[in-house]
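Please read the structure below before turning to the comments.
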Amino acid sequence: MRVTGVTVNALLPGGATLTGMIPDSVSAETRSQLLDPQIIVPPLLWLASSDADGVTGKRIVATQWSQTEPPADQAGWS
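The sequence shown begins at 347 in my numbering and counts up one residue at a time.
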């Protein structure tokens, strides 16, 4: 896609997340170590807002998201 000029953002939870994709056979102990899916909400809301206009080609990891740091400073390839 490089030659097309199209870029996207990647939004990741930052680890295994307790979603409907986790089989019922996974133990309660393992489930307790999985991320809460709600972790993705703050960076998702920012990315969907007009504050993120022009932000593209970035990798955003929810476990590294901070409510105190400027959102644009947290978006980047690492």
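Every residue, glycine too, gets a C-beta built ideally from N, C-alpha and C. Here the structure is a predicted model, which is why all the values come from computation and not from measurement.
- For V407, the enclosing beta strand (DSSP E) begins and ends at R405 to V407.
- The DSSP-derived three-state label of L357 is strand.
- Of all C-beta pairs linking the segment 370-379 to the segment 387-395, fewer than three are shorter than 8 angstroms, placing the two stretches out of contact.
- Considered as a whole, the segment 375-422 harbours 387-393 and 417-420 as its complete alpha helix (DSSP H) runs of no fewer than 4 residues, in chain order.
- Each of G351, V349, D399 and T363 was checked against the Cα of I386, and the nearest Cα belongs to T363.
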